[in-house]
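Have a look at the structure below, then the notes.
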Amino acid sequence: MNQIHADNAPKPVGAYPHARREGEWLFLSGVGPRKAGTTKIPGVTLHADGSIASYDIEVQTRSVIENISTILESAGATLNHVVDVTVFLTNMKDDFPGYNRIYAEYFGKIGATRTTLGIVALPTPIAVEFKVLARIPDGRT
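For reference, each letter of the sequence shown is one residue, going 119 to 259 in the working numbering.
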């Protein structure tokens, strides 16, 4: 089966796999910062009603990239295989500089193409989500 379910990554919040492999191509579903096996979202403090009280975009971005790395490893890939990234930010004006700084730490030398979109909300109380496309030539890592 082409679907990738990474046991050590946070469970998807819907009816979809972590990733899907089609030939050399690996398509990751949207990845957020939640920690595997918990409901904890690094860098997020919630109000009693579940709404966001405060958050740290750099901590969230780092956690998202660590989750991506975990999913890629489950598929036999690494961050070096990433060719394209789409990023969704709920507060482009305030969060772009911090997110961009952490992104550069991981992806600066990889040279993946990137699109960053400002959006109104994400399905869970997070401020950033990544959508990733990776290529594993000839099925090798």
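Using N, Cα and C, we set each Cβ at its ideal position, and we do this for glycine too.
Bear in mind the structure is a predicted one, so any value in this text is a computation, not a measurement.
- The beta carbon of I220 sits closer than 6 Å to the beta carbons of E176, T179 and R180 from its chain, once the five residues preceding and following it are set aside; these are given in chain order.
- Between G161 and D174 a beta carbon distance of about 4 Å is seen, short of the 8 Å cut, so the two are scored as contacting.
- DSSP places K249 in the strand class (E or B) of the three-state scheme.
- By a beta-carbon distance limit of 8 Å, Y224 contacts L197. Their separation comes to about 6 Å.
- Secondary structure at D167: coil, using DSSP grouped into helix, strand and coil.
- Less than 9 Å separates the beta-carbon of P130 from that of S147.
- Per DSSP, the continuous alpha helix (DSSP H) segment holding G216 begins and ends at M210 to F225.
- Around the beta carbon of N126, a 10 Å sphere encloses fewer than 16 other beta carbons of the protein chains shown; the residue is thus reported as exposed.
- Taken through DSSP and simplified to helix, strand or coil, D202 comes out as strand.
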